[in-house]
Each structure stands twice: as structure tokens, then as C-alpha cells.
Amino acid sequence: MTAAQPAPAVRPSYAAPGAWRICYVHAADIGAPDDDTAWNAVCARARAAGFDMLMCAPLWRLPEGGRSFAPLDADQCDPALQAGLSMEAALRKLVDAAARHGLDLALDLMVDRVAVDAVPGTLDPAWFRTQADDHDRDPRQPAAEWEVLRLRDGPPAPAFLHQWQDRLSRWIRCGVKGFRCLDPHHLGGEAWRQLLAPLRQEFSDARFFAWTPGLDPWQVQDLRQAGFDAVYSSLPWWNLRAPWLAQEDLRLRAVAPVIAMPEAPFEQADPRRFERAMWAAAVSGDGIMVMPRGDTQWDVAGQAVRWRAETPLRGTMRLAVGDRGYCTVLLRDGVRNGAAKEGAAHALLINPDDTGPARAGWSGAASLLPGALLHTLQDPGSALLPPGGFRLENTDGLPQPSEAHTRPATGRPDPRQTPRIAVEAVSPVIEHGALSPKCVVGETVRVQADIFVDGHDQLAAEIQWRATDETAWQVAPMRFVDNDRWQAEVLPRRNGPHEFRVVAWMDEWETYRTELRKKHAAGLRLELELREGAIKLREALLAGRQHHDEARNRVDAALAALAEAARAARADGESAGAGKDEPLVALSDAVQDSLVAIMLDLELARAMDAVAPRPFLYESPSPYPLWVDRRAAAFSSWYELFPRSQSATPGRHGTFDDVQARLPDVRAMGFDVLYFPPIHPIGRAHRKGPNNSLQAGENDPGSPYAIGSPDGGHDAIHPELGTLDDFLRLVQAAREHGMELALDFAIQCSPDHPWLAQRPEWFTRRADGTIRYAENPPKKYEDIVNVSFYRNTAKRARVLPLWRALRDVVLFWAEHGVRIFRVDNPHTKPLPFWEWMIADIHMRHPDVIFLSEAFTRPKMMYRLAKIGFTQSYTYFTWRNDKHEIAAYLEELAGEPVADFFRANFFVNTPDINPYYLQCGARSAFLARAALAALGAGSWGLYSGFELCEWQPVPGKEEYLDSEKYELRQRDWDAPGNIKAEIAQLNAIRQANPALWSQRGYRTVPNGNPHILSFMKATADGGSTLLAAINLDPYNVQHTGLQVPFDAPVRSGRDTVQAEDLLDGGAAVWHDGRSDIALHPGRPYRIWRLTAPD
1 MTAAQPAPAV RPSYAAPGAW RICYVHAADI GAPDDDTAWN AVCARARAAG FDMLMCAPLW
61 RLPEGGRSFA PLDADQCDPA LQAGLSMEAA LRKLVDAAAR HGLDLALDLM VDRVAVDAVP
121 GTLDPAWFRT QADDHDRDPR QPAAEWEVLR LRDGPPAPAF LHQWQDRLSR WIRCGVKGFR
181 CLDPHHLGGE AWRQLLAPLR QEFSDARFFA WTPGLDPWQV QDLRQAGFDA VYSSLPWWNL
241 RAPWLAQEDL RLRAVAPVIA MPEAPFEQAD PRRFERAMWA AAVSGDGIMV MPRGDTQWDV
301 AGQAVRWRAE TPLRGTMRLA VGDRGYCTVL LRDGVRNGAA KEGAAHALLI NPDDTGPARA
361 GWSGAASLLP GALLHTLQDP GSALLPPGGF RLENTDGLPQ PSEAHTRPAT GRPDPRQTPR
421 IAVEAVSPVI EHGALSPKCV VGETVRVQAD IFVDGHDQLA AEIQWRATDE TAWQVAPMRF
481 VDNDRWQAEV LPRRNGPHEF RVVAWMDEWE TYRTELRKKH AAGLRLELEL REGAIKLREA
541 LLAGRQHHDE ARNRVDAALA ALAEAARAAR ADGESAGAGK DEPLVALSDA VQDSLVAIML
601 DLELARAMDA VAPRPFLYES PSPYPLWVDR RAAAFSSWYE LFPRSQSATP GRHGTFDDVQ
661 ARLPDVRAMG FDVLYFPPIH PIGRAHRKGP NNSLQAGEND PGSPYAIGSP DGGHDAIHPE
721 LGTLDDFLRL VQAAREHGME LALDFAIQCS PDHPWLAQRP EWFTRRADGT IRYAENPPKK
781 YEDIVNVSFY RNTAKRARVL PLWRALRDVV LFWAEHGVRI FRVDNPHTKP LPFWEWMIAD
841 IHMRHPDVIF LSEAFTRPKM MYRLAKIGFT QSYTYFTWRN DKHEIAAYLE ELAGEPVADF
901 FRANFFVNTP DINPYYLQCG ARSAFLARAA LAALGAGSWG LYSGFELCEW QPVPGKEEYL
961 DSEKYELRQR DWDAPGNIKA EIAQLNAIRQ ANPALWSQRG YRTVPNGNPH ILSFMKATAD
1021 GGSTLLAAIN LDPYNVQHTG LQVPFDAPVR SGRDTVQAED LLDGGAAVWH DGRSDIALHP
1081 GRPYRIWRLT APD
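In the UniProt record's numbering, the protein residues as written are 1 to 1093.
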């Protein structure tokens, strides 16, 4: 091979096979390379267990008694294995042995260290530091570190790289297919790129895996340029509770697919925990590496490895952390028939506690599911895991709702008949049931109603609910809360339209039990009451409301006991009143007590509930609608960029390929939605120049909101960005990085839009016959003209061809993989159009999300949400004062607003450079990012915010040199950026279910007017966070915080345990109190609160 030449990193494709199943062995445990019997036995066993690769610890010559893998002679086989054998000869033997059993051979590789007395062919003094050079070596280091020499600082010598390229090429020619590169950060990403690129060009099937456990985020990020085929997770060191595993998984996947291990090589885990760790590796990783020890581990590993071989997984690992008696859930999306299927998922439930059982804790984990719920959700009795237990749950994709969402007949009562039972104030209900409240798959929906009746009879009620294309109702019993308020919880399993109804009846048996209990407690004689009870039991059996053998047997048994007591009483000269006309004779106290106990039995009450008639049955006259979205509708993190500005070359128009190159950087910050302003052809007529000037130069790109040119309209792509195929490739690449694209749907046209020539009747004209351009006084948009939704006639009829054409634009992009649309200024278009169009799109694609960019009056913003918009921009951008921020968050978190309006807190937009940020203080950007990320379920930023860009047009909330009118390249790693802080905030959001919606907000009072402190908690209190944010960008602010006495996490206790989510560590807050100081350098603090042990 020639000397190493600069070459681009060859990045592995995420679509390439990633489920490597690696059996790790140590040759010293097996035998010499030419010991065919021993090696054949190991290879046969590995193949039978489902492995496809055998990876060996270093075979080269090691120092005698050495405690490191650093080579003494990298070209000779270790004499301890077989003397006088070259590495190539040894490798050929092992490759042949592996190949006979269908296995590839891989090796451990350590290039940055050699033994202190290594042979000249391995050690060149010019490359490695001598021990004399290493005078600063820490004497506390392990002894193995004193036996090796490390590479000198700085880029490695070209001759060093050439030597290893030559050596590795010889080994690959012997048949070696892979290498585990130990301590890759010592060499650095650029050096690895130079080392591997020529090898990849010559040997396309060679694989290089980077050993990344223990590396910090910056070291991992540096390896992105190297082009490794896989990296390794730190699963063996995970405590089954900490959220960092998911955060690490996100960082690692920005580099390459992830290989997981149940335990580190040569580390012997607790045998009781090996099986749990083995399955955690199978579910969390794109590949598995195992070093089985003993028959039990071989059997366990074989089950998991074979399952992984047969079970394709995709996407990032999602994690719901278990704490205080709850399970931890590892979840991966599944694949059916080679393609992702909505709802297909595989989840591993782990009890992290080896001493006590754990519940599933679905309030946090269920909404992780992409479109279906785990079987356990439908089987609560199986939701308890034993100490140290685990269970794998598989979810098949559920069918999409049919296109015709017809409502089955619901038995609407005759309006002339007034039901005896009154049902009022049903919630969540929007516009008396005309419009749908919203929830997401896996979210517990609390349904309430006031239910009452005349007199003192007892009532019973239930909620019946279903998807609108289903015929059978599911049932959730309601329970009395207080003041005639009843409540039940439903848990929708599917994306799409649902409905529910309230069913109530007079519970005659419970009324009977209540009266019998009171009379018995008062010491009254109850012979007549017992006769009445027997009659009710017989009537229940005769009614036969539903066939339920167990319940009927329970009722029969009660009747038999009553009959036996009657016979005994008659034999003793008493009468129990078995017949209607028989005289009543007093029962003995003992007999009466035993019969009362039978009638009050709770199991008998449940049986009667199943079979007894339901008098005065009330059913909602018509079902109430409920719209169920996918999880991203309520919880997502948006990053907005202009594709045309993403070129790394100044002055060159960016393309979709340039955007694709930025995907790892955006994903590394934790964003899962990548939003583009319009990507359509831009008109030339009246094109705007820099800073919205009326004069545009020949090379000025114009505003992307001036849509349409001879190249096409809303269903076309601006040619300089690329082709439709380029866009589809970007959609797929974003999906593979755990993101999806959002497009801007702007209903506006440039004067060059094809519609003006094809459909002139769609546009409004002035009195002189010219097209009316867009205005929002005092603003004028000379490069834009608007369509007219209604004809300019006396009847003002709808322009239906226009409505359908706009609908078809959304359908076009939806059918090309776009499922999120940010709608520009929807409040300036007719509400009936939006209600019709969104419903029509959802009939075909119920998973489509619409974000409303309506900076307008509150009632209009809320109305747009009610008629179908999934999310909305908000007034957050203009809420800067502590009290106005708190009041706004309380409004959004409360009912009924939270039932239909989902806030998306954008910290800035291309149109809005907030005055608060125009101070340019880095602390101001940090404070606003924390407010947005913690205050709402969804938040977003426009690119440049992470670089603290603030320069305004003087006196305006607009950016100087706005990107809307010109290309703008940036240094994305410029000093002072806040990318790390944004990534940490998004990681905290992912790890804490309390932040997955805007609900659960509570202001925590403090005495400082510059510090906003608040709690966010799930409905069940299982996830509770406390945050404090300094709104003063210039000064240190102090205050005392106290967790409210009545907060569920405290529940009257004197202490609270607070885990610091920024710095780590935990402390016990006595009396729930702590004093804090917030500095401009980091103006916020975040704690996870739990009850003390």
C-alpha cells in the first residue's frame, strides 16, 4: 500500500446490516490456533447459539506475565498460544475454523500503545514516548499502565499510519473481517480517518468497531469523522435506573450503530443478573457482543442472540426510568416485512430492584409507544414484576383507522322522554361535543361528569369508549369523587378519531346493601329485608343481562345459603320468611348475622353488578368525540433552518445534501423535528432584496415565502435546493437519525406562480384590474399575492377548486413522507376551510401534525386549535416578566385550555428577534431556552439562537441582515455557543415524563422578583421536577425554595430528596427547603424530586 493520503471518511450507512452478533473469546482459554478440535468446538457452539462473528482478544505476542494488551511483537503469535507462528499463519487457521461454521473472524486492535520492551518492528522510538519522557505519569495508575509506552502527543507520523495500514491489510487478506479498536480517543478521529479510509477503499467488507465506553461526549463526537462501522454502549455499567443510557445512545448513534454487551469482556457479572443484562443488550443495541462463561450463560445468550437475529429493530432506544417501585422500560421500534410499521415495538420491562417487586408505571412509559400499547397495559394483573425480574413485550402494529369514520348507531333516546338520572358538565368536551378535545396515544384521559338523581338511591356509572371505526365499546368504571362528581380514566391505544359516552343507572343492589348495613349497625330485626334481598337475587338471575357463569354461580350460592337458613329455622320452629305469605318469626342473632354477612359480601356485589338489571339506564344522547394524536403532537423539540444557508462554502446556495450533512449536529442537540421554511420555487417579480429592500440584485435569492415561478408552485422544489429524489433521500436520512421533517404550508403566491395564469379567478383584483398584493398594514408584501377563498359575488360561494387544490398540496407532501406541517398565518384564512381540510387530511393520514403560526387574538388562537390544529405558537415570545410568565403557564396547563390547545414555545423565529434577547447576553438565551424547554411539551428555536445571535434592525423585533432575504453561512461551533446546554435540556426533557406535556405546571412562590420557580409533575406524581430560572441576565440572584407541603412528592413529609439534574448528586431538603444562587453563567437549576427512602 502507498503512504496514507488524505481521504474523506467513509461513513457507514444506517441502512446497512447492523445486527452483528459477536461471540468474544480469549484464545488462551481455548488453545493453540492449530488445535482444530478445540476451535471447532467453540465455533460450532457459537454458531448454534446464533452468533455470526467470532472476535478474539489479541493473538500477538505479549510480554510474559503482562497485564495489558499492548503488543511486544504485533507480527508474531503469542508463544503462550503457539511458538514460532506468525500472525498471518495463526489468522489463516482461525479464519478457516470460523468459516467452516459460517462465522466471520474479528480481532481486538490496540494501536496507540506498545510494551516497553517491544521489538523494533513494533516499537519505533520516534513514535512513542519513553518512560523518561513520561515524568508526569501518575503513580496511582494501574500497574498495567507502567508496562506500556504511549504514542507521542500530536498527529501520528505518516510512517506509523502506513505501518498499521500494511499490517491490517495483510490480516484482512488472511480473512479477518473486523476489528475492535480499543481506546480510539487516544488516536483521535482525524487520525483514524486517515488510517481507515485507504483500507475501506481496498476492503469494502472490513468492519471497524470503536470501543467507546468511558469516553466523554466530546471524545465521542470527535470520532464522527473517523467512519467507524459501530460503537459500543456503556450498558454493563448502567444501574438500570439512570437516564444517561438513553442520552449516551443518542450521542453514539450520531457516530454509528451501537453494539451492546451484557457485561464487559473478562468481567464476571452476578449470574443472577446476567439474563436480565443479556436481554437489555439484545433490545438496546443494533448489535450484541457477549463473552459467554459456562453452560448457563451460553444457553441464555443463545436465546437472546437468536431472538435478535430474527427481530429487526430500528431507531433510537427510548427509556422510561423506573424509580420507587416502578419498572424501567427499554423500548425499540420494530420492523415488519422489512419496513417500519406504525405501532410495532419491542419493550423490555426491567425491575431494577433485586429485593422487591415493581409495577410497570405506565403514566410515563406508555406514551413512548409509536402507535400501540403493550399487552401489559390491557392486562393489569400481569403488570407486577418480581425482584430482579424482567419481561419482554412485543406490540404488533395496530390497523390505521378506516377512511370512512362513520359513527355506529348509539340508541339516542326519544327527546320527549326526560331521563330520571341527570348527567351534566361532562369533560373533556369542546363546544358541547361539536369539536374534539385532544390527547396522545398512551396518555391517560380523565373523564368526569356530574351524575345525580332524586332521593337517596345509589348510582353506578361507566365510560364506554372506542375508536370510531370499531363497533365494540370498551368500558371504564366511574367512581364517585365528591359533590356528585364522578370520574373514570381511559387509555386510548390508537392514533385517530375516538368517541366516548357516559352510561349511568340506579344501582338497586348497592342501595339495598347500604340500607341493610345501616339497619344492621342499628341493631334492627332484618327478617323482611333478608326476604327482599332474596327476591332481588332471583330477579337478577331471571333478568340475565349478560351471560356470566361465575357471577351467576355466586348469586346461586347466596340463594342456597338463604334457603338453608330458612329450612333450619323452620326445623327449629322459626320462620325465615322463605315464602311470600309465610309469617315472619324472629331469627336468632347468630343466624341473622350470618345471613347479613352473605348479603353484604363484596364478591356477591360484584356478581350482581355483572348480571343484575340496570333500571333507569342513562346513555349520552350521542357520543362525545376525542381525537388521539401520536406522541410527537404533544412532545417534540423543533429546530428551524433555511436549507439554502447550509452550504459550508460561503456564497454557495445550500442544497438538501448540505442539510443532510448537518443532521448529526442537529440531532446531537436533542432535536427530533427539523423544520424548513418554504422549499418551493421563488418568484422573480418584485423579488425582495437584503433587509426587505424593494430592489433585488441578480444573485439575491429572494424570500422563500414568495412561492411560485415558471419552475412550479407549491408541489415543486426550488431547483437550487435539489430534486424531489434529493428531498426524499433527506426525509429518509432524517428518519434514520431519529428526526422527521416539518414543512411550511404558506398559502401565498408570487406574481410568477403558475396558478395566476391557470386560475386567474382565484385571485383578488383591484379596481384597475391589477392583482392585489398582500398587506398587513402597515407592512406590505409586494412580492406576494393572496388567493381568494370565496367568490366576489352576492352569495359569496366557496371557491371549491381552490380548496381542493390546497388540500392536494398537503396530500402531495404527506404521501412523500412529510407528516408535520407548520401553517403560516392560518388566522388570515377562513376557519371553515381549515376545519374541512384538516379533517380531510386526517381521514387519510391521522398521524399528520399541524402547527398553527397564528400570532393573533387569544380566542382566534384557541378556535384554530379547537377545529383541528395540533399545536400552536404562543405569546411566550412576549412574556418576559416573572408574574406574566407564571400566569401564562398556569393558563396553558389548566382546563379547559389544555384539553384542546397544545403550546409550542419557540424562543425566536426568522420574523421575531425578541427584545429580551437583543441585549446579546448569553445568560438571556440560556434563560429563555430553559423556560421554553421546561414550560411546554413542545419547544423550538430558529437556527442562530444556539450561537446567541441578537443583532436587530434598530427599534424593531427583526434580525438585521435577515436570512429571509439572503444566504447566511455560520460557524456552528463558534465560541460562546450554547449547544451543550440545549442538548442537556433536551436530554432532561426526554428522561422526565413530567416535561412531556404542558400540563402539571405549578408556580412555587419565592421572594425574589427576578426568579421564576415552578414544579412540573405527572398526574400520578410519579415524575416531579422543580426548576428555578433567573430572569435577570446581568446579576446573581438569590432566593429560598420550598416544596409545597401539599405537593404529592411531599405529601406532608418533612423532607424531600432533590436530585440535581445539571451537576448530578442528590441532597435531602429538610422541611422541603433549600437556598440557591443563580448566576448569569448558568441562570437556571433543575431538580428531580422524590420522596426520601
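Glycine included, C-beta positions come from ideal geometry on N, C-alpha and C.
Could you name the residues that DSSP lists as bridge partners for residue i?
i: Pro952; result: Tyr959
i: Val1001; result: According to the sequence displayed, residue 1001 carries Tyr and not Val. The partner list for Tyr1001 (beta bridge, DSSP) reads Lys1016.
i: Gln871; result: Leu851
i: Asp658; result: According to DSSP, which records beta bridges pairwise, Asp658 is partnered with nothing at all.
i: Glu761; result: DSSP, once it has assigned bridges, lists no residue as partnering Glu761.
i: Tyr675; result: Glu640 and Ala742
i: His346; result: Arg332 and Asn394
i: Val116; result: Paired residue(s): none; Val116 is not in a bridge.
i: Val823; result: Phe745 and Ser852
i: Ile172; result: According to DSSP, Ile172 bridges with nothing at all.
i: Asp108; result: Arg180
Which same chain residues end up closer than 7 Å to residue i when comparing Cβ atoms and leaving out the 5 residues on each side of it in sequence?
i: Ala607; result: Ala551, Arg554 and Val555
i: Ala987; result: Gln247 and Gly670
i: Lys580; result: Residue placement at Lys580 is poorly supported in this model, since its pLDDT is 43, which falls under 50; the coordinates still yield a value, given next. Excluding positions up to five away in sequence, the list is empty.
i: Arg879; result: Ile885 and Tyr888
Quick one: using the 10 Å Cβ neighbour count with 16 as the cut-off for buried, is residue i buried or exposed?
i: Gly356; result: exposed
i: Pro380; result: Any reading at Pro380 must be qualified, since the residue scores a pLDDT of 47, below 50, and its modelled position is unreliable; the value itself is stated next. Exposed, since its Cβ has fewer than 16 Cβ neighbours within 10 Å.
i: Ala534; result: buried
i: Thr471; result: exposed
i: Asp117; result: exposed
i: Asp1093; result: exposed
i: Leu800; result: exposed
i: Thr376; result: Reliability fails at Thr376, whose pLDDT of 48 lies under 50, so the model's placement of it is uncertain and the value that follows must be treated cautiously. Buried, because 16 or more other Cβ atoms sit within 10 Å of the Cβ of Thr376.
i: Val290; result: buried
With a CB to CB cut of under 8 Å and the five nearest residues on each side skipped, what residues in its chain are close to residue i?
i: Trp164; result: Val111 and Leu195
i: Leu245; result: Ser233, Ser234, Leu235, Trp238, Ser284, Met317 and Leu319
i: Arg100; result: Asn40 and Cys43
i: Arg1073; result: Gly1040, Leu1041, Gln1042 and Val1043
i: Pro12; result: In this prediction, Pro12 scores a pLDDT of 39, lower than 50, which makes its location untrustworthy; no coordinate-derived value is stated.
Where do the N-terminal and C-terminal ends of the alpha helix (DSSP H) with residue i fall, by residue?
i: Ile717; result: Premise fails: Ile717 is in no alpha helix (DSSP H) and is neither H nor E.
i: Asp299; result: Gly294 to Glu310
i: Phe925; result: Arg922 to Gly935
Where do the N-terminal and C-terminal ends of the beta strand (DSSP E) with residue i fall, by residue?
i: Asp205; result: Note, Asp205: premise wrong, no beta strand (DSSP E); not H, not E.
i: residue 1095; result: With the chain covering only 1 through 1093, there is no way to say anything about residue 1095.
i: Glu740; result: Glu740 to Phe745
i: residue 1104; result: Because residue 1104 is not part of the residues shown, which for the chain are 1 to 1093, the question remains open.
i: Cys43; result: Here Cys43 belongs to no beta strand (DSSP E); instead the alpha helix (DSSP H) covers Asp36 to Ala48.
i: Met317; result: Leu313 to Ala320
i: Ser284; result: No beta strand (DSSP E) holds Ser284; the alpha helix (DSSP H) holding it covers Pro271 to Ser284.
i: Phe179; result: Val176 to Cys181
i: Phe727; result: Looking at the DSSP string, Phe727 is not in any beta strand (DSSP E); the run it does join, the alpha helix (DSSP H), is Leu724 to Glu736.
i: Gln448; result: Val445 to Phe452
i: Leu802; result: Premise fails: Leu802 lies in the alpha helix (DSSP H), Leu800 to Ala814, not in any beta strand (DSSP E).
i: Phe905; result: Asn904 to Phe906
For residue i, I'd like the list of residues in its chain whose CB is within less than 6 Å of its CB, leaving aside the five on either flank, ordered along the chain.
i: Ala449; result: Val423, Val426, Trp486 and Val502
i: Asp1075; result: Gly1040
i: Pro33; result: Gln82, Ala90, Lys93 and Leu94
i: Thr406; result: Bear in mind that a pLDDT of 48 at Thr406, under 50, signals an unreliable position, so the number given afterwards is only what the model happens to contain. Here the set comprises nothing.
Secondary structure, beta strand (DSSP E): runs of 3+ residues fully inside the region 457-540:
459-467, 474-477, 479-482, 485-490 and 496-506
Fully enclosed by the region 597-635, which alpha helix (DSSP H) runs are 4 residues long or longer?
602-611
Can you check the region 207-265 for any beta strand (DSSP E) of at least 3 residues that lies completely inside it and give the ranges in chain order?
207-210, 230-232 and 258-260
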